[in-house]
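Reading through the structure tokens given below for one structure.
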Amino acid sequence: MIRLTAERTPAGTSYLATGQGQPVVLIHGVGLNKEMWGGQVVGLAPHYRVITYDMLGHGASPRPENGTPLLGYADQLLELLDHLQLPQATVIGFSMGGLVARAFALHYPERLKSLVVLNSVFNRSPEQRAGVIARTAQAAEHGPDANAEAALSRWFSREYQAANPAQIAALRQTLAGNDPQGYLTTYELFATQDMYRADELGNIKSPTLVATGELDPGSTPQMARQLADRIPGATVAILAEQRHMMPVESPRLVNQLLLDFLETAHAQQQTIKGIVA
33 MIRLTAERTP AGTSYLATGQ GQPVVLIHGV GLNKEMWGGQ VVGLAPHYRV
83 ITYDMLGHGA SPRPENGTPL LGYADQLLEL LDHLQLPQAT VIGFSMGGLV
133 ARAFALHYPE RLKSLVVLNS VFNRSPEQRA GVIARTAQAA EHGPDANAEA
183 ALSRWFSREY QAANPAQIAA LRQTLAGNDP QGYLTTYELF ATQDMYRADE
233 LGNIKSPTLV ATGELDPGST PQMARQLADR IPGATVAILA EQRHMMPVES
283 PRLVNQLLLD FLETAHAQQQ TIKGIVA
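Quick note: the working numbering has the sequence shown finishing at residue 309, numbered continuously throughout.
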């Protein structure tokens, strides 16, 4: 079993790093923390240097100032890469982490080796937008766990919830334990930034995978396909019968998807290097 001790960057970002090889950085979703990636750390660390970290306002990282834009979250990742002296990395973002990964790809393309956007949002319908704005208002009034039960029912299958009550209880506690201001600042971005610089997505040149679950109600297959259509050469994958938290509920399935993509992306980049040389 992999046991790690969290470290901190000079700016205070809490992170974990293990494994050897090409660096892969994983960004969690709103209300969660770096611990959500346990299944991916086990699956990817034999092949890559795997780095997970707590987003601003989450876990043991500093809270963002009120009004911090999405770029501030991308800058947090940049500071982490600088601290680790990594000129480039593969970035894998889940849900809100997918928005951060997209922003990073647009603002710092030279630091991105390849991009994976998992179970994230894009081009919400008016009904979807109204729903997430309503949840933002509830969080502002009642705190981070205002929507916990509804969120868990969206995130996991009923079978998984029934079979893993201790894990579900721990997640419920994680949601409730979030810093209210840090959570709300992040959730407001999650609710409003799904079309962040959408007209510039065609500038992303790194190999890209966009994936979600067939049964993910908030990060739908349609969203994944529309996002992938905006990014040149992007691959889209819809995992059958999977819901939002598929990296946690089905880690082997997700890990195989990631390993296959990373192997293909690396081969493409080596081919391009050979042609340029």
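Even for Gly, the Cβ is constructed at its ideal location relative to N, Cα and C.
Which of the three DSSP states is assigned to residue 70 in this structure? helix
Inspect the beta-carbon positions of residue 110 and residue 41 and report whether they are closer than 8 Å. no
Compare the C-alpha of residue 90 against each of 68, 76, 134 and name the closest. 68
For residue 248, which option in 126, 115, 97 has the closest C-alpha, if you only look at C-alpha atoms? 126
Host alpha helix (DSSP H) of residue 185 (start-end): 180 to 187
Spatial neighbours of residue 97 within its chain, please: CB distance less than 7 Å, with the 5 preceding and 5 following residues excluded, ordered by chain position. none
Residue 234 by DSSP, collapsed to three states: which one? helix
Which of helix, strand or coil does DSSP assign to residue 271? strand
Let me know if residue 284 comes out buried or exposed under the rule of 16 or more other beta-carbons within 10 Å of its beta-carbon. exposed
Taking 7 Å as the cut-off, is the CB of residue 243 close to at least one heavy atom of the ligand ZN? Summarising the ligand content, the structure contains no ligands, and the ligand ZN is consequently not present.
Could you check if residue 237 is buried or exposed, using at least 16 other CB atoms within 10 Å of its CB as the buried criterion? exposed
Kindly list the residues whose CB is nearer than 8 Å to the CB of residue 141, restricted to its own chain and excluding five residues on each side of it in sequence; keep chain order. 235, 236, 237, 238
Which residue's Cα is closest to the Cα of residue 6: 131, 202, 61, 117? Limits of the chain in this structure are 33 at one end and 309 at the other, which puts residue 6 out of reach.
From the DSSP output, in three-state form, read off residue 246 for me. coil
So what does DSSP say about residue 58, is it helix, strand or coil? strand
Residues bridged to residue 47 [DSSP beta-bridge criterion]: 39, 85
Under 8 Å: do the stretch 142 to 156 and the stretch 247 to 261 share three or more Cβ pairs, one atom per stretch? yes
Which of the three DSSP states, helix, strand or coil, is assigned to residue 124? strand
Assuming residue 27 and residue 289 form a contact by the criterion Cβ under 8 Å, report the distance between their Cβ atoms to the nearest whole angstrom. Past the boundaries of the shown model lies residue 27; the chain is included only from 33 to 309, so the question cannot be answered.
Helix, strand or coil, according to DSSP, for residue 241 in the structure here? strand
So, at 6 Å on beta carbons, what are the nonlocal neighbours of residue 146 in its own chain, with the 5 sequence-adjacent residues on each side left out? 122, 238, 239, 297
Can you have a look at residue 263 and say buried or exposed, based on whether 16 or more other CB atoms are within 10 angstroms of its CB? buried
Select from 205, 244, 82 the residue whose C-alpha is nearest the C-alpha of residue 71. 82
I need the straight-line Cα distance from residue 196 to residue 287, nearest angstrom please. 20 Å
If you count every other CB in all the chains shown that lies within 10 Å of the CB of residue 206, and 16 or more means buried, which is it? buried
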